[in-house]
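Numbering (the working numbering), first residue to last: 8 to 282.
Written below as structure tokens is the structure these notes are about.
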Amino acid sequence: MANASVRPPAVAGQFYPGDPLVLSAQLSEMLSTAVALEAVRPPKAVIVPHAGYIYSGPVAATAYNALAPLRDVVRKVVMLGPTHRMAVNGFALPATQAFSTPFGEVPLCRSDWEALQRRTDVVVDDRPHAQEHCLEVQLPFLQTVLGAFELVPILVGMAGTEAVADLIESLWGGPETLIVISSDLSHYLSYEQARHCDRATVAQLIRLQDGLKHEQACGATPINGLLRAAARHGLEPHLLDLRNSGDTAGDRGRVVGYASIAFCESPDHAAAARH
């Protein structure tokens, strides 16, 4: 009988391989061939896409490669993504206490899970999480590059930018905490339209300018909150990869845009923090 305290994988065998050996081989291939547009310091936060691995996996891999130096540092991953299947007011936490993938279970951080429930805009509800892919598809990457960690999985529904930023701030922590925002960019434009639109979106992100619309990114709401929090903490955004499904595994008639962006402490900010 299934363990009710564990969320089973919903899209294994669809968005990514359900067989752990095949999954491991695919991840190894994507991570070993990923070349970022620029080298960066180990990030505090990343924005990564969440489509099927054949479409967005190579783009996501550029961000996950950047996390490799943090394998013995990061012990908690805060993940925020949009709800694709069920409307939510505010933020949804699962009631389950672990997420399962073909690689095994990732436990939730119980103390943060309990603390978040003191917020009036947080609900505990397994239903939005049950079939949602945007957080799940990140887990095999994270298990591969980080090893063991605890998870804070949050689905973001109707919420203001300041509320999202405040929630992220409450979970910010130190070097042991990584923040992952799961989002694709434009949806179902032509190849050239998407390239134009996504370049403009990324330019806005790199300026740390919140106010993204959902036409620009399905995860606009959590991204906007991260941009505000990142600005307060002096993080610098770096574009690691920007492509779309027409570049990876799809036709170019109607494409989905993908970007990987790393948010890193600036050298100046890091030096100031040591004094």
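Note that CB positions come from ideal geometry on N, CA and C, so glycine has one too.
As the structure is a computational prediction, the values presented were derived from the model and not from experiment.
- When the Cα of G218 is compared with those of S118, V29, A166, which residue comes out closest? In the sequence shown, counting from the first residue as 1, residue 218 sits at position 211. Comparing Cα positions, the closest option is A166.
- Assuming L234 contacts L246 under a Cβ cut-off of 8 Å, what Cβ separation, rounded to an integer in Å, is found between them? Locating residue 234 in the sequence shown gives position 227, counting from the first residue. Locating residue 246 in the sequence shown gives position 239, counting from the first residue. No, L234 and L246 are not in contact; Cβ-Cβ is about 14 Å, not under 8 Å.
- Query: Which residue from G59, V130, S177 puts its Cα closest to that of G164?
  - Reply: The residue you call residue 164 lines up with position 157 of the sequence shown. Minimum Cα distance to G164 is reached at V130.
- Item | Beta-carbon spacing of K220, A210 below 8 Å | Residue mapping note: residue 220 aligns to position 213 of the sequence shown, counting from 1. Residue mapping note: residue 210 aligns to position 203 of the sequence shown, counting from 1. Cβ distance not < 8 Å, so K220 and A210 don't count as in contact.
- Query: Can you tell which of L87, Y60, Y265 has the C-alpha that lies nearest to the C-alpha of Q21?
  - Reply: In the sequence shown, the residue the question calls residue 21 occupies position 14. Q21 has its Cα closest to that of Y60, out of L87, Y60, Y265.
- Item | First through last residue of the beta strand (DSSP E) which encompasses E112 | Against the sequence shown, residue 112 aligns to sequence position 105. Element bounds for E112: 111 to 114.
- Task: State the DSSP-derived secondary structure class of C271, mapped to helix, strand or coil.
- Result: Stepping through the sequence shown from its first residue, residue 271 is reached at position 264. Three-state result, C271: strand.
- Cβ separation of C4 and R48, assumed to be a contact under 8 Å, to the nearest whole Å: No answer is possible for residue 4: the residues shown for the chain start at 8 and end at 282.
- Query: So R250 and V66 are in contact, right, with Cβ under 8 Å, and what is the actual spacing, rounded?
  - Reply: Position 243 of the sequence shown, counted from the start, is the residue given in the question as residue 250. Position 59 of the sequence shown, counted from the start, is the residue given in the question as residue 66. 5 Å between Cβ atoms; contact.
- DSSP puts N96 in a beta bridge; with which residues? Residue 96 sits at position 89 when you count from the first residue of the sequence shown. In DSSP, N96 forms a bridge with M165.
- Query: Cα separation between M8 and W120?
  - Reply: The residue you call residue 8 lines up with position 1 of the sequence shown. The residue you call residue 120 lines up with position 113 of the sequence shown. Low confidence applies to M8: its pLDDT is 35, below 50, so where it sits in the model is not reliable, and the reading given next is rough at best. Spanning the two alpha carbons is a distance of roughly 25 Å.
- Item | Nearest neighbour of V113, chosen from Y265, P229, L146 [CA to CA] | Counting from 1 along the sequence shown, the entry for residue 113 is found at position 106. Nearest C-alpha to V113: L146.
- Task: Keeping to the same chain, check which residues put their C-beta closer than 6 Å to that of H282; ignore five residues upstream and five downstream.
- Result: Position 275 of the sequence shown, counted from the first residue, corresponds to residue 282. Note on H282: pLDDT 48, under 50, position unreliable in the model; no value is reported.
- Message: Does G218 come out as helix, strand or coil in the three-state DSSP assignment?
- Response: Taking the sequence shown and counting its residues from 1, the one referred to as residue 218 is at position 211. Note: G218 maps to coil in three-state DSSP.
- Query: What are the start and end residues of each continuous alpha helix (DSSP H) run of 4 or more residues lying completely inside the stretch 222 to 268, in chain order?
  - Reply: Fully enclosed alpha helix (DSSP H) runs of 4 or longer: 227 to 239, 252 to 255.
- Is DSSP giving F106 helix, strand or coil here? On the sequence shown, position 99 is the one that residue 106 refers to. The answer is strand: DSSP assigns F106 an E or B state.
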